[in-house]
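Have a look at the structure below before the remarks.
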Amino acid sequence: MNKVLPLPMLVVSMLTPTISIADSVAETEEVLDSNPVYLELYTRYEEERNAGLQGLIGWITFSDFYDIEFAAEVNTDGYYEYNLGKFIPLTDKAWLHTYVGYTQWNYRLSFRAGYNFDNGIMVNARVRPEFGYDDWIGVDENGNEVNYGTNLSVRTDFFIGYNSKRYEFFYNRVDNFETDKEIADMFRNGTHMVTDHEFRVTYTANRWRPYFQTTIMKDGFFDGKSYEDDLRWQVGFALPMDI
């Protein structure tokens, strides 16, 4: 547990909810057609880490250019992500969403499939390989330089939600897996590094959509000796609109 690993990469990059239509889930195919711009502002606090931040998420659908989406997230912790994606309706209920993304730590390739039932229940699942590059260098216990950047990690999501006329509820399980042994050995569970349990409720009766989210973060906080569980609180609002 005495290897050096860039902590922001762990507590922000792997644990931050990814930018996509399916993650916010407030946006259905119909909303995409009539509201091609989506903004979300949030403030977040992690208890054990004793750290807070504010962030902005946004995406725009270019309806005249094959419905390609451009999305971005930035926050006051220095994190950023940019991606290009595509929402693909398969039927009036089933859909796919994919994107390629870039952060300060890695490149990402996301594939998500979902189904929206007539009774308001929504289910979807995702796999997202993340390809690290050479910007993160650390030093091991013997003073040797170690490149933690050129690694492959994989994030998976399993989402279930319910959307009524006034409220939306969802649970999302996030798991992160690491293929680099130097990194995986630092975690209690080895290659299965982190599991998050995300719970969110959103008020959807008007265009301004306030929400509250809590996340139980398994092995999500490094206290200098070991990785410990953490609890994240997040409040914000979403605003779909036309331009």
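Those letters in the sequence shown? Residues -22 to -1, 1 to 221, per mature numbering (1 follows the signal peptide of the UniProt record, and there is no 0), in order. Here a beta-carbon is modelled for each residue, glycine too, at the ideal position from N, C-alpha and C.
Checklist entry - residue 97 to residue 159, Cα distance in whole Å? => result The count along the sequence shown starts at 1 and reaches residue 97 at position 119. The count along the sequence shown starts at 1 and reaches residue 159 at position 181. About 45 Å.
Next on the checklist: If you reduce the DSSP assignment to three classes, tell me which class residue 59 lands in.
Outcome noted: Here residue 59 corresponds to residue number 81 of the sequence shown, with the count starting at 1. Residue 59 falls in the strand class under three-state DSSP.
Checklist entry - What is the residue span of the alpha helix (DSSP H) that residue 162 lies within? => result Residue mapping note: residue 162 aligns to position 184 of the sequence shown, counting from 1. Note, residue 162: alpha helix (DSSP H), 159 to 162.
Checklist entry - What's the gap between the Cα of residue 174 and the Cα of residue 151? => result In the sequence shown, the residue the question calls residue 174 occupies position 196. In the sequence shown, the residue the question calls residue 151 occupies position 173. Between residue 174 and residue 151, the C-alpha separation is close to 6 Å.
Checklist entry - Under a three-way DSSP split, which group does residue 4 fall into? => result Along the sequence shown, read from residue 1 onward, the residue named residue 4 stands at position 26. For residue 4, the predicted model reports a pLDDT of 41, less than 50, meaning its position is unreliable; a value from the coordinates is still stated below. Look at residue 4 here: in three-state DSSP terms it is coil, with no helix or strand label.
Next on the checklist: By alpha-carbon positions, which one of 205, 146, 157 and 154 ends up nearest to residue 177?
Outcome noted: For the purposes of this step, residue 177 is identified with residue 199 of the sequence shown, where counting begins at 1. For the residues 205, 146, 157 and 154, the minimum Cα distance to residue 177 belongs to 146.
Next on the checklist: Across the region 35 to 43 and the region 13 to 20, are there enough close Cβ pairs to call them in contact, namely three or more that are closer than 8 Å?
Outcome noted: The region 35 to 43 vs the region 13 to 20: in contact.
Next on the checklist: I need the straight-line Cα distance from residue 140 to residue 121, nearest angstrom please.
Outcome noted: Residue mapping note: residue 140 aligns to position 162 of the sequence shown, counting from 1. Residue mapping note: residue 121 aligns to position 143 of the sequence shown, counting from 1. For the pair residue 140 and residue 121, the Cα-to-Cα distance works out to about 52 Å.
Checklist entry - Looking at residue 76 and residue 213, is the spacing between their C-beta atoms short of 8 Å? => result Here residue 213 corresponds to residue number 235 of the sequence shown, with the count starting at 1. Here residue 76 corresponds to residue number 98 of the sequence shown, with the count starting at 1. In this structure, residue 76 does not lie closer than 8 Å to residue 213 by Cβ.
Next on the checklist: Using only the alpha-carbon positions, how far apart do residue 220 and residue 111 sit?
Outcome noted: Your numbering for residue 220 matches position 242 in the sequence shown. Your numbering for residue 111 matches position 133 in the sequence shown. Going by the C-alpha atoms only, they are around 37 Å apart.
Next on the checklist: Helix, strand or coil, according to DSSP, for residue 71 in the structure here?
Outcome noted: What you label residue 71 is simply residue 93 of the sequence shown in a count that begins at 1. DSSP places residue 71 in the coil class of the three-state scheme, outside both helix and strand.
Next on the checklist: Between residue 161 and residue 129, how many whole angstroms is the CB-CB distance? I'm expecting something under 8 Å.
Outcome noted: Translated into the one-based positions of the sequence shown, residue 161 becomes position 183. Translated into the one-based positions of the sequence shown, residue 129 becomes position 151. Between residue 129 and residue 161 the Cβ distance is about 6 Å, and since that is below 8 Å, they are a contact.
Item to check | Where the beta strand (DSSP E) through residue 214 begins and ends | outcome: Here residue 214 refers to the residue found at position 236 of the sequence shown. Looking at the DSSP string, the run of the beta strand (DSSP E) that includes residue 214 is 205 to 219.
Next on the checklist: For residue 163 and residue 45, what's the separation of their Cα atoms in angstroms?
Outcome noted: On the sequence shown, residue 163 is found 185 positions in, with the first residue counted as 1. On the sequence shown, residue 45 is found 67 positions in, with the first residue counted as 1. If you take the alpha carbons of residue 163 and residue 45, they lie about 42 Å apart.
Item to check | Opposing strand residues paired with residue 191 [DSSP bridges] | outcome: Translated into the one-based positions of the sequence shown, residue 191 becomes position 213. Looking at the DSSP output, residue 191 bridges to 178 and 212.
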